[in-house]
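Numbering (the numbering used here), first residue to last: -6 to 268.
What follows is the structure in C-alpha coordinates.
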(Lines of atoms letter the chains of each structure in order from A and count residues from 1; the text may use other names and numbers.)
(Lines give C-alpha, C1' and ligand atoms only; values in the text may rest on other atoms or scores of the structure.)
Protein backbone atom coordinates (compact mmCIF):
# COMPACT_ATOMS: atom_id res chain seq x y z
CA UNK A 1 0.00 0.00 0.00
CA UNK A 2 1.16 3.51 -0.73
CA UNK A 3 0.16 6.87 0.73
CA UNK A 4 1.09 10.45 -0.09
CA UNK A 5 1.79 12.63 2.97
CA UNK A 6 1.46 16.35 2.33
CA UNK A 7 3.34 19.32 3.74
CA UNK A 8 1.84 22.15 5.78
CA UNK A 9 2.56 25.84 6.20
CA UNK A 10 2.24 28.02 9.28
CA UNK A 11 0.10 31.11 8.85
CA UNK A 12 1.25 33.37 11.65
CA UNK A 13 3.22 32.13 14.63
CA UNK A 14 3.02 33.81 18.02
CA UNK A 15 5.31 32.71 20.85
CA UNK A 16 2.97 33.37 23.77
CA UNK A 17 4.84 32.28 26.90
CA UNK A 18 7.57 30.02 28.23
CA UNK A 19 6.31 27.01 30.15
CA UNK A 20 7.66 25.50 33.35
CA UNK A 21 8.81 22.44 31.38
CA UNK A 22 11.06 24.65 29.24
CA UNK A 23 8.89 24.54 26.13
CA UNK A 24 6.93 27.50 24.77
CA UNK A 25 3.21 27.92 24.24
CA UNK A 26 2.47 28.99 20.68
CA UNK A 27 -0.40 30.13 18.51
CA UNK A 28 -0.37 29.36 14.81
CA UNK A 29 -2.51 28.22 11.92
CA UNK A 30 -1.55 24.93 10.25
CA UNK A 31 -2.67 24.73 6.63
CA UNK A 32 -2.11 21.61 4.46
CA UNK A 33 -0.60 22.12 1.02
CA UNK A 34 -0.14 20.01 -2.09
CA UNK A 35 3.56 19.19 -1.78
CA UNK A 36 3.83 15.44 -1.32
CA UNK A 37 6.12 12.71 -0.09
CA UNK A 38 5.26 9.07 -0.72
CA UNK A 39 5.39 6.24 1.82
CA UNK A 40 4.96 2.64 0.69
CA UNK A 41 4.65 -0.36 2.99
CA UNK A 42 4.84 -4.01 1.95
CA UNK A 43 4.63 -7.08 4.17
CA UNK A 44 7.86 -9.09 4.17
CA UNK A 45 7.50 -12.70 3.10
CA UNK A 46 10.05 -15.16 4.42
CA UNK A 47 12.86 -14.41 6.86
CA UNK A 48 11.99 -11.61 9.28
CA UNK A 49 14.53 -8.80 9.80
CA UNK A 50 15.95 -8.64 13.32
CA UNK A 51 14.14 -5.38 14.13
CA UNK A 52 10.93 -6.25 12.26
CA UNK A 53 11.37 -3.80 9.41
CA UNK A 54 13.56 -2.70 6.54
CA UNK A 55 13.73 0.98 5.55
CA UNK A 56 14.74 2.53 2.24
CA UNK A 57 14.70 6.29 1.70
CA UNK A 58 15.15 8.08 -1.60
CA UNK A 59 15.01 11.74 -2.61
CA UNK A 60 15.95 14.34 -0.02
CA UNK A 61 18.86 13.19 2.17
CA UNK A 62 17.85 12.62 5.80
CA UNK A 63 20.12 12.96 8.81
CA UNK A 64 20.42 10.15 11.33
CA UNK A 65 19.92 6.40 11.12
CA UNK A 66 16.76 4.34 10.53
CA UNK A 67 15.75 4.45 14.20
CA UNK A 68 15.62 8.27 14.00
CA UNK A 69 13.15 8.19 11.11
CA UNK A 70 9.67 9.21 12.26
CA UNK A 71 8.04 6.61 10.02
CA UNK A 72 9.98 3.90 11.86
CA UNK A 73 8.99 5.44 15.20
CA UNK A 74 5.34 5.26 14.13
CA UNK A 75 5.70 1.58 13.22
CA UNK A 76 7.44 0.77 16.50
CA UNK A 77 4.76 2.53 18.56
CA UNK A 78 1.98 0.52 16.97
CA UNK A 79 4.01 -2.70 17.12
CA UNK A 80 4.17 -2.37 20.91
CA UNK A 81 0.38 -2.60 21.09
CA UNK A 82 -0.43 -4.80 18.09
CA UNK A 83 1.03 -7.92 16.49
CA UNK A 84 2.23 -6.32 13.29
CA UNK A 85 4.04 -8.43 10.69
CA UNK A 86 7.52 -7.54 9.46
CA UNK A 87 7.42 -4.86 6.77
CA UNK A 88 9.44 -3.14 4.10
CA UNK A 89 9.12 0.65 4.29
CA UNK A 90 9.93 2.80 1.28
CA UNK A 91 9.99 6.58 1.80
CA UNK A 92 10.23 8.83 -1.24
CA UNK A 93 11.11 12.33 0.00
CA UNK A 94 10.06 15.41 -1.95
CA UNK A 95 9.25 17.72 0.98
CA UNK A 96 12.54 19.35 2.02
CA UNK A 97 13.76 18.72 5.55
CA UNK A 98 14.51 21.50 8.01
CA UNK A 99 12.06 23.73 6.18
CA UNK A 100 9.22 24.25 8.66
CA UNK A 101 6.91 22.28 6.35
CA UNK A 102 6.29 19.28 8.61
CA UNK A 103 7.42 16.61 6.15
CA UNK A 104 8.69 14.11 8.73
CA UNK A 105 5.63 14.55 10.93
CA UNK A 106 3.33 14.07 7.95
CA UNK A 107 5.14 10.87 6.95
CA UNK A 108 4.70 9.46 10.47
CA UNK A 109 1.02 10.40 10.75
CA UNK A 110 0.16 8.98 7.34
CA UNK A 111 2.05 5.80 8.28
CA UNK A 112 -0.15 5.40 11.36
CA UNK A 113 -3.26 5.78 9.20
CA UNK A 114 -1.92 3.34 6.60
CA UNK A 115 -0.96 0.68 9.16
CA UNK A 116 -4.43 0.99 10.71
CA UNK A 117 -6.01 0.38 7.30
CA UNK A 118 -3.63 -2.37 6.16
CA UNK A 119 -3.91 -4.48 9.28
CA UNK A 120 -7.47 -3.63 10.39
CA UNK A 121 -6.39 -2.24 13.75
CA UNK A 122 -9.69 -0.43 14.31
CA UNK A 123 -8.09 2.74 15.64
CA UNK A 124 -10.29 5.77 16.24
CA UNK A 125 -9.20 9.18 14.99
CA UNK A 126 -8.57 10.20 18.59
CA UNK A 127 -6.37 7.15 19.23
CA UNK A 128 -4.35 7.79 16.08
CA UNK A 129 -3.89 11.41 17.19
CA UNK A 130 -2.68 10.14 20.56
CA UNK A 131 -0.04 7.92 18.94
CA UNK A 132 0.99 10.75 16.61
CA UNK A 133 1.37 13.30 19.41
CA UNK A 134 3.88 11.00 21.11
CA UNK A 135 6.08 11.23 18.00
CA UNK A 136 6.06 14.99 17.46
CA UNK A 137 4.15 18.09 18.55
CA UNK A 138 2.69 18.82 15.11
CA UNK A 139 2.37 15.18 14.04
CA UNK A 140 -1.22 14.80 15.26
CA UNK A 141 -2.35 17.62 12.96
CA UNK A 142 -1.83 15.36 9.95
CA UNK A 143 -4.29 12.72 11.18
CA UNK A 144 -7.30 14.89 10.31
CA UNK A 145 -5.15 16.96 7.94
CA UNK A 146 -7.50 19.94 7.86
CA UNK A 147 -6.73 23.63 8.47
CA UNK A 148 -6.41 24.12 12.23
CA UNK A 149 -5.72 26.76 14.85
CA UNK A 150 -2.92 25.26 16.94
CA UNK A 151 -2.07 26.18 20.53
CA UNK A 152 -0.06 24.64 23.37
CA UNK A 153 3.30 23.55 21.98
CA UNK A 154 1.61 23.20 18.60
CA UNK A 155 -0.21 20.04 19.68
CA UNK A 156 -3.72 21.28 20.51
CA UNK A 157 -6.03 21.93 17.58
CA UNK A 158 -9.39 23.41 16.76
CA UNK A 159 -11.00 24.14 13.43
CA UNK A 160 -10.34 27.40 11.65
CA UNK A 161 -12.28 29.10 8.88
CA UNK A 162 -9.33 30.06 6.69
CA UNK A 163 -9.79 28.92 3.09
CA UNK A 164 -7.20 29.48 0.38
CA UNK A 165 -8.78 27.38 -2.37
CA UNK A 166 -8.05 28.77 -5.82
CA UNK A 167 -4.96 30.68 -4.64
CA UNK A 168 -1.41 29.71 -5.56
CA UNK A 169 1.46 29.14 -3.18
CA UNK A 170 5.12 29.51 -4.06
CA UNK A 171 7.57 27.74 -1.75
CA UNK A 172 11.24 28.68 -1.74
CA UNK A 173 13.89 27.16 0.52
CA UNK A 174 17.56 28.12 0.59
CA UNK A 175 20.19 25.60 1.64
CA UNK A 176 20.15 26.86 5.23
CA UNK A 177 19.45 24.95 8.43
CA UNK A 178 17.86 27.00 11.21
CA UNK A 179 18.41 25.53 14.67
CA UNK A 180 15.83 25.87 17.42
CA UNK A 181 18.36 27.97 19.35
CA UNK A 182 18.73 30.37 16.43
CA UNK A 183 14.97 30.63 15.95
CA UNK A 184 14.35 31.61 19.57
CA UNK A 185 17.42 33.90 19.90
CA UNK A 186 15.54 37.23 19.77
CA UNK A 187 12.06 36.05 20.70
CA UNK A 188 10.38 37.74 23.66
CA UNK A 189 7.27 35.71 24.50
CA UNK A 190 4.14 37.83 24.81
CA UNK A 191 0.41 37.50 24.35
CA UNK A 192 -0.53 38.73 20.86
CA UNK A 193 -2.43 41.96 20.44
CA UNK A 194 -4.88 40.38 17.99
CA UNK A 195 -6.67 37.03 17.83
CA UNK A 196 -4.93 35.09 15.04
CA UNK A 197 -7.94 32.85 14.46
CA UNK A 198 -10.02 35.98 13.77
CA UNK A 199 -7.34 37.74 11.72
CA UNK A 200 -7.26 34.97 9.11
CA UNK A 201 -10.91 35.73 8.30
CA UNK A 202 -9.76 39.08 6.89
CA UNK A 203 -8.91 39.48 3.17
CA UNK A 204 -5.48 38.00 2.49
CA UNK A 205 -4.15 41.37 1.37
CA UNK A 206 -4.69 42.62 4.93
CA UNK A 207 -2.75 39.80 6.57
CA UNK A 208 0.71 41.36 6.26
CA UNK A 209 -0.35 44.26 8.48
CA UNK A 210 -1.19 42.04 11.44
CA UNK A 211 -0.14 38.41 10.95
CA UNK A 212 3.51 37.75 11.77
CA UNK A 213 5.89 34.93 12.53
CA UNK A 214 7.77 35.70 15.75
CA UNK A 215 10.77 33.62 14.60
CA UNK A 216 11.48 35.93 11.68
CA UNK A 217 13.16 38.57 13.87
CA UNK A 218 15.83 36.10 14.99
CA UNK A 219 16.19 34.19 11.75
CA UNK A 220 16.27 37.19 9.41
CA UNK A 221 18.97 38.85 11.51
CA UNK A 222 21.23 35.81 11.32
CA UNK A 223 20.28 34.79 7.78
CA UNK A 224 19.46 37.91 5.69
CA UNK A 225 19.25 35.62 2.65
CA UNK A 226 15.95 34.28 4.01
CA UNK A 227 14.64 37.81 4.59
CA UNK A 228 15.55 38.67 0.99
CA UNK A 229 13.42 35.78 -0.28
CA UNK A 230 10.41 37.15 1.59
CA UNK A 231 11.02 40.63 0.17
CA UNK A 232 11.26 39.16 -3.34
CA UNK A 233 7.90 37.42 -2.85
CA UNK A 234 6.25 40.80 -2.34
CA UNK A 235 8.23 42.28 -5.24
CA UNK A 236 6.69 39.73 -7.63
CA UNK A 237 3.15 40.26 -6.36
CA UNK A 238 2.49 38.06 -3.34
CA UNK A 239 -0.62 38.97 -1.35
CA UNK A 240 1.05 37.55 1.74
CA UNK A 241 4.46 36.06 2.47
CA UNK A 242 6.02 34.49 5.54
CA UNK A 243 8.60 32.07 6.77
CA UNK A 244 6.93 28.78 7.67
CA UNK A 245 7.45 27.66 11.26
CA UNK A 246 11.06 28.15 12.29
CA UNK A 247 12.17 28.05 8.65
CA UNK A 248 14.03 28.03 6.50
CA UNK A 249 11.31 27.79 3.82
CA UNK A 250 9.46 30.96 2.83
CA UNK A 251 6.11 30.94 1.06
CA UNK A 252 4.15 33.50 -0.89
CA UNK A 253 0.40 33.38 -1.59
CA UNK A 254 -0.65 34.66 -5.01
CA UNK A 255 -3.92 35.23 -6.86
CA UNK A 256 -2.49 33.77 -10.06
CA UNK A 257 0.22 31.34 -11.08
CA UNK A 258 3.64 32.98 -11.32
CA UNK A 259 5.83 32.18 -14.32
CA UNK A 260 9.62 31.80 -14.46
CA UNK A 261 9.87 31.12 -10.72
CA UNK A 262 12.91 28.88 -11.21
CA UNK A 263 14.70 31.80 -12.83
CA UNK A 264 13.61 34.31 -10.19
CA UNK A 265 14.78 32.04 -7.37
CA UNK A 266 17.63 30.29 -9.18
CA UNK A 267 19.67 27.96 -6.99
CA UNK A 268 16.91 27.40 -4.43
CA UNK A 269 14.37 24.65 -3.87
CA UNK A 270 11.33 26.19 -5.56
CA UNK A 271 7.79 24.81 -6.04
CA UNK A 272 4.54 26.42 -7.18
CA UNK A 273 1.27 24.73 -6.23
CA UNK A 274 -2.43 25.52 -6.45
CA UNK A 275 -4.14 25.58 -3.07
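From the three backbone atoms N, C-alpha and C, an ideal C-beta is built for every residue, glycine too.
- Could you round the C-beta distance between residue 249 and residue 6 to whole angstroms and report it? I think they count as a contact, below 8 Å. The pair is not a contact, with the Cβ atoms about 27 Å apart (cut-off 8 Å).
- Please say whether residue 146 and residue 19 have beta carbons closer to each other than 8 Å? Yes, the pair counts as a contact, with Cβ atoms nearer than the cut-off.
- Contained alpha helix (DSSP H) runs [length at least 4] in the segment 113 to 177, N- to C-terminal order: 118 to 126, 134 to 137 and 173 to 177
- Message: With distance defined between alpha-carbon atoms, name the residue in 17, 165, 114 and 132 nearest to residue 73.
- Response: 114
- Task: Give me the Cα-Cα distance between residue 23 and residue 121, rounded to the nearest whole angstrom.
- Result: Computed Cα separation, rounded: 18 Å.
- Query: Per DSSP, which one or two residues make a beta bridge with residue 264?
  - Reply: Beta bridge pairing from DSSP links residue 264 with 164.
- Query: Could you give the residue range of the alpha helix (DSSP H) that holds residue 104?
  - Reply: 96 to 111
- Could you tell me whether the Cβ atoms of residue 93 and residue 221 are closer together than 8 Å? no
- Query: Under 8 Å between the Cβ atoms of residue 226 and residue 237?
  - Reply: no
- Task: Evaluate contact between the segment 27 to 36 and the segment 138 to 156, counting only Cβ atoms and requiring at least three cross-stretch pairs below 8 Å.
- Result: no
- Query: Thinking just about the alpha-carbon of each residue, which of 158, 180 and 126 is nearest to the one in residue 210?
  - Reply: 180
- Query: Are the segment 161 to 174 and the segment 256 to 268 touching by the rule of at least three beta carbon pairs closer than 8 Å?
  - Reply: yes
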